[in-house]
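Below is one structure, written out as C-alpha cells, with a few remarks after it.
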Amino acid sequence: MKTIRAIIPALGAMLCLAVTPSAMAQGNDLSVGRKMLMEDNPGELWIDQGKELFYQKRGPKNASLEQCDFGMGPGKLEGAATRLPRYFADTDRVEDLETRLLTCMTTLQGFDRNQLIKRAISPAQSNGSDIEALALYITSRSNGMKVNVTLNNQKEYDMYKAGEYLFYRRSGQTDFGCVQCHGEANKRIRLQDLVHITSKAGAQEVASTWPAYRGAHYVVRTMQWRLNDCVWQMRLPDLKYATDYSIALTTYLNRQGNDAVIQVPGFKR
Amino acid sequence: MAEPMKIRATLQNGIADVRILMRHPMETGTRKTASGVVPVHFIQSVIVEHNGKTVLDAQWSQAISRDPFLGLRIKGAKAGDKISVTWTDNKGDKRSDEVAVSAGS
Amino acid sequence: MTGFKRNTISNKGTQPMKNFRRNFLKLSAGACAAAAGLLQTGAAWAAPWNKTGFESKAAVDAQNSLGASSLIDSKDITITAPDIAENGAIVPVAITSKIPNTQSISIIAEKNPFPLAASFDISAGGEAYVSTRLKMGQTSNVRAIVKADGKFYTAIKEVKVTVGGCG
Chain A
1 MKTIRAIIPA LGAMLCLAVT PSAMAQGNDL SVGRKMLMED NPGELWIDQG
51 KELFYQKRGP KNASLEQCDF GMGPGKLEGA ATRLPRYFAD TDRVEDLETR
101 LLTCMTTLQG FDRNQLIKRA ISPAQSNGSD IEALALYITS RSNGMKVNVT
151 LNNQKEYDMY KAGEYLFYRR SGQTDFGCVQ CHGEANKRIR LQDLVHITSK
201 AGAQEVASTW PAYRGAHYVV RTMQWRLNDC VWQMRLPDLK YATDYSIALT
251 TYLNRQGNDA VIQVPGFKR
Chain B
270 MAEPMKIRAT LQNGIADVRI LMRHPMETGT RKTASGVVPV HFIQSVIVEH
320 NGKTVLDAQW SQAISRDPFL GLRIKGAKAG DKISVTWTDN KGDKRSDEVA
370 VSAGS
Chain C
375 MTGFKRNTIS NKGTQPMKNF RRNFLKLSAG ACAAAAGLLQ TGAAWAAPWN
425 KTGFESKAAV DAQNSLGASS LIDSKDITIT APDIAENGAI VPVAITSKIP
475 NTQSISIIAE KNPFPLAASF DISAGGEAYV STRLKMGQTS NVRAIVKADG
525 KFYTAIKEVK VTVGGCG
C-alpha cells in the first residue's frame, strides 16, 4: 500500500510534466510528421480485407454479413457508423459497432461468441483480426459523413449518462478517471499528447478517427481496444470486450463528438 | 503469398503524384519473440514503371519501416497512363501491381 | 550423299547455330547476372543491390560505397521530416532535389547500426523527389546524398527520436 501511495504523486507529477504552451509550440514539429503519416496510412490496406470478410459466406451457417442490420436496415452501411452506438430491438440493448458485429457474426454466421471475443484484438505485428478489418471497412463506408448519435430511446439516454458518469469517476489504486488525463488542454505523457476530450474538438477527434492504424503495433485498432488500453493504463481491472462499460463510454464519447466528419482509418503513433 | 499494394496515381499539372503502400514485415533480423529471433526479411528492390519504362529503381535496406511507403512523382504523365510497381524481397518473393493515372480534381 | 541440299549443309553454323549461340549467351548472361545479384523485374533490369553499402556499419563507408567520397553541401536539397519522431520505427522522410540532372537520391541515418537506408535511381522521366519511412534507432542526422552529373551533393537534417525503432 505504501509503495502505491508513493506512486500516485509521482504519476500525478508525471502528468503535470505536461507541457507549457511555449514548449507545446514544439508540438508544431509533430504536425509535420503526423501529416505525412496520415496522408498515406498503411491502415488502408485492411479496408479491402474487411470488405472481403463482409461479403464472404463464412461460419457454420455459411452466411455473409449482408443481412446484418447496423441500424439503418439489413446490409445498409452508408451512414451506419455515424449513428452508433444505438439501441437495437432484436437484442433489446444499446450496441456499439463491435458489439453489433458480435451479434451478427453469432446469429447470422453461427460463430461462437467467446471465440470471436478471444480473437477480436489481434497481436501486434500480426495480420490483424477479422473484427478489426470489418470494423474498419464498415466505418469507412461512412467516411465524409458527420457523426450523429441520437438519444431518442431511454436505453440510449441511460447509456450516455452512464458513460458521462464513468468518464468522470475516479477509481482504483491510482484514483484516476478518464478526466484526469483528458480533461485539460496541453497535457501529455512524455511525447504522447493527450486528447482534450472535454473540448468539442477533442471529442470530435475521438468520434471520427477510430478504427485507426496503430503505428507501434502495425495493425488496425478499434475503440474497444482503445478503452481496454486506457483502463489498463489507469491500473484498473481488465475491461472485458463489448461490455456495457465500454458501450456506455463509447456512447458518451461519440455523442460528445457529434458533427465530426468521419475519416478512417485514423493514424495513431 | 504477397499482399496487394495500394497505389494512388493522381495527375497534378502534368505530373503524376504516385503513392504506394505495401504490406511487408521488413524484419531487421534483430527482433526477438518467444520463439527466438525473427530472421531478416525485407524488400530489397522496388521498380516503378510508367507505360513500361522504368522511372524509379529503388534499393532498400531493412531500415525501411514495416508496411513500407514509397512516394514519387513522374513527369509528362497523362490520365490513363499505366503505372506499375514491382517489389522483390531478400527471399526472392515478388509482388507486382498496377494502376492507371487518374485525372486530378 | 543424295537428299542433302548443299545449302542445308552450308546452313550449319548460320541461322540455327546463331540462335543456339544467342540463347546460350543469354542464359550465361542470366546466370552471371544472378550471381552478381542482378534481378529482372518486369521489363527492366534492376541495378545490383548495393550489399557493401547496405552492410556498412559506418556512415562514411556507406557513402564511399555510393562513390560519394567527396560531397558538396547543397541548399538545393530539401529534407522533409519531423524534428521529433513520435515513433522511431516509422519516421517519414521526403527528399526533394532541385539540382539539375539529378540521377539518384540516397538516404543515410547516420547513427543507425547500418546507416545506408535506401538508394533511389531516378530516370529522366522521374522528378527528383522520393518519400518513404525509416526506422531510426536513436536521434541522428538524416543525410541525403544526391548524385547529379556525376557529382555528389549532400544535406542533413537532425531528427530526434525518443523511442528507438529498430527491434
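Chains as they are written, first to last, in my numbering: chain A, 1 to 269; chain B, 270 to 374; chain C, 375 to 541. Glycine residues also receive a C-beta, built at the ideal position from the N, C-alpha and C atoms.
Beta-carbon of residue 412 (chain C) versus every beta-carbon of chain B: anything under 8 Å? In this predicted model, residue 412 (chain C) has a pLDDT of only 42, less than 50, meaning its place in the structure is not dependable; the value taken from the coordinates is given anyway. Output row for residue 412 (chain C): interface = no.
Name, in chain order, the residues that DSSP records as bridge partners for residue 371 (chain B). B:279
DSSP state of residue 48 (chain A), grouped into three classes? helix
Would you kindly work out how many angstroms separate the C-alpha atoms of residue 476 (chain C) and residue 432 (chain C), rounded to a whole number? 25 Å
Do you know whose CA, among C:456, C:480, C:509, lies nearest residue 439 (chain C)'s CA? C:480
Contacts that residue 507 (chain C) makes with chain B (C-beta to C-beta distance below 8 Å): 333, 334, 337, 338
So what does DSSP say about residue 438 (chain C), is it helix, strand or coil? helix
Residue interval of the beta strand (DSSP E) (run including residue 476 (chain C)): 476–483
Where does the unbroken beta strand (DSSP E) through residue 515 (chain C) begin, and where does it stop? 514–522
If the cut is a Cβ gap below 9 Å, which residues of chain C does residue 36 (chain A) touch? 454, 455, 456, 466, 467, 468, 505, 507
Could you check how far apart the C-beta atoms of residue 510 (chain C) and residue 533 (chain C) are, in whole angstroms? I think they sit under 8 Å. 6 Å
Give the residues of chain A in contact with residue 492 (chain C), contact being defined as C-beta atoms less than 8 Å apart. By Cβ distance, chain A contributes nothing, its closest Cβ being about 16 Å from residue 492 (chain C), past 8 Å.
Report yes or no: do three or more beta-carbon pairs, one from the region 295–302 of chain B and one from the region 235–242 of chain A, lie closer than 8 Å? no
Contacts of residue 218 (chain A) in chain B (Cβ-Cβ under 7 Å): 335, 336
Can you tell me whether residue 289 (chain A) is buried or exposed, with buried defined as 16 or more other CB within 10 angstroms of its CB? Because chain A spans 1 through 269 in this model, residue 289 (chain A) falls outside it and cannot be assessed.
By DSSP, does residue 529 (chain C) sit in helix, in strand, or in coil? strand
Same chain, Cβ closer than 6 Å to residue 530 (chain C), neighbours up to 5 away in sequence not counted: 515, 517
Is residue 254 (chain A) buried or exposed, if buried means 16 or more other CB atoms sit within 10 Å of its CB? buried
For residue 466 (chain C), three-class secondary structure by DSSP: strand
Which residues share a DSSP beta bridge with residue 87 (chain A)? A:94
Beta-carbon of residue 32 (chain A) versus every beta-carbon of chain C: anything under 8 Å? yes
Could you please tell me which residues of the region 272–298 of chain B, in chain order, have their CB closer than 9 Å to any CB of chain A? 272, 273, 274, 275, 277, 288, 289, 290, 291, 292, 294
Could you say which of B:365, B:331, B:292, B:371 lies nearest to residue 347 (chain B) if we only look at CA atoms? B:371
From what residue to what residue does the beta strand (DSSP E) around residue 318 (chain B) run? 312–319
Rounded straight-line distance, which links the Cα of residue 205 (chain A) to that of residue 196 (chain A): 9 Å
6 Å Cβ shell around residue 59 (chain A) - same chain, five flanking residues per side excluded: 109, 110, 111
If I measure Cβ to Cβ from residue 113 (chain A) and keep anything under 7 Å in the same chain, skipping five residues before and after, which residues do I get? 102, 106
Please go through the same chain and pick out, in chain order, the residues whose beta-carbon is closer than 6 Å to the beta-carbon of residue 38 (chain A), but skip the five residues on each side of it. 267
If contact means a Cβ-Cβ distance below 8 Å, which residues of the region 40–51 of chain A contact chain B? 40, 41, 42, 44, 45, 48
Look up residue 265 (chain A) in the DSSP assignment and say whether it is helix, strand or coil. coil
What first and last residue would you give for the beta strand (DSSP E) that runs through residue 217 (chain B)? Lying before the first or after the last residue shown, residue 217 (chain B) is absent from chain B, which here runs from 270 to 374.
With a Cβ-Cβ cutoff of 8 Å, do residue 354 (chain B) and residue 315 (chain B) count as a contact? yes
For residue 342 (chain B): DSSP bridge partner residues: B:286
Alpha-carbon spacing of residue 172 (chain A) relative to residue 234 (chain A), whole angstroms: 8 Å
Neighbour flag for residue 459 (chain C) against chain A, beta carbons, 8 Å: yes
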